[in-house]
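Student: Here it is: the structure, laid out below.
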Amino acid sequence: FGQHVLSPLLARFQALHPALRYELLFTDRRVDLLREGLDLAFRISSRPPEDWVAQPVLRFAVRAYAAAGSALLDGPQVLADLPCLLLGQHEEPLAGRWLHEASGERLDVMLQASAWGSDINSLLAMARAGAGVVLAPDFCVPAGSGLVDVLPGCRLLVAEGEWVQALTLPQPVGSETARALVRFVRAELASGPVSREQIG
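Going letter by letter, the sequence shown gives residues 1 to 200 in this note's numbering.
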């Protein structure tokens, strides 16, 4: 989210407020705003901390992508026999639950990663080069990316939820600049290529 969605929004926000100075911390680690002296975090979470102010900014889906020109798959079960590129630590097989969005049917599939790691951009590049099927949030795969959704209408259910949340500390502790940035991000995503239904 930070690299694919937030960075261009920060550039636009900076243009509106040229005196603004800030430090960016890109990490998958769960940070503690108060303890670490941070004003704002964006986190995929269905249960944000109760003592923080949480605002949903983007709904997303994790889908299966392969190099452009790849054949569509007959269903999620086919992934069990394909090389999969997975974000995170996946030395052991991953039990994934897939949802068929039209019918509501759910299907459990065991996936064996052929490659895994902490950098989604590297996994996307490998998939573009034909190394396998990458499971990635749809916001990481814009049109013209050289990848195609090979399971259209199906998405992987994610334990952390399907929303990117903006987390700030409550007033008076929280930063007004952080709250202004959250308002800006929500407004930009609501008016941009992401549909308004995806903004809470």
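In this text, a Cβ means the ideal position worked out from N, Cα and C, and glycines have one as well.
Would you tell me roughly how many angstroms separate the C-alpha atoms of Ala71 and Ala129, rounded to the nearest one?
Tutor: 15 Å
Student: What does a CB cutoff of less than 8 Å around Pro49 pick up in its chain, not counting 5 residues either side in sequence?
Tutor: Leu167
Student: Would Val109 pass as a contact of Leu87 if the rule is Cβ separation under 8 Å?
Tutor: no
Student: Would the segment 173-193 and the segment 97-111 be scored as touching if the rule is three or more Cβ pairs under 8 Å?
Tutor: no
Student: Going straight from the alpha carbon of Asp51 to that of Glu92, what length do you get?
Tutor: It is roughly 35 Å from the alpha-carbon of Asp51 to the alpha-carbon of Glu92.
Student: Could you spell out the range, first to last residue, of the beta strand (DSSP E) harbouring Phe42?
Tutor: Leu40 to Ile44
Student: Output the boundary residues of the beta strand (DSSP E) element that contains Pro137.
Tutor: Val133 to Pro137
Student: Rounded to whole angstroms, what's the CA-CA distance from Leu94 to Ala159? Just pull it up for me.
Tutor: 13 Å
Student: If the criterion is Cβ atoms closer than 8 Å, does the pair Phe1 and Val164 meet it?
Tutor: yes
Student: Taking the straight line between their C-alpha atoms, what separation do you get for Leu16 and Ala180?
Tutor: 12 Å
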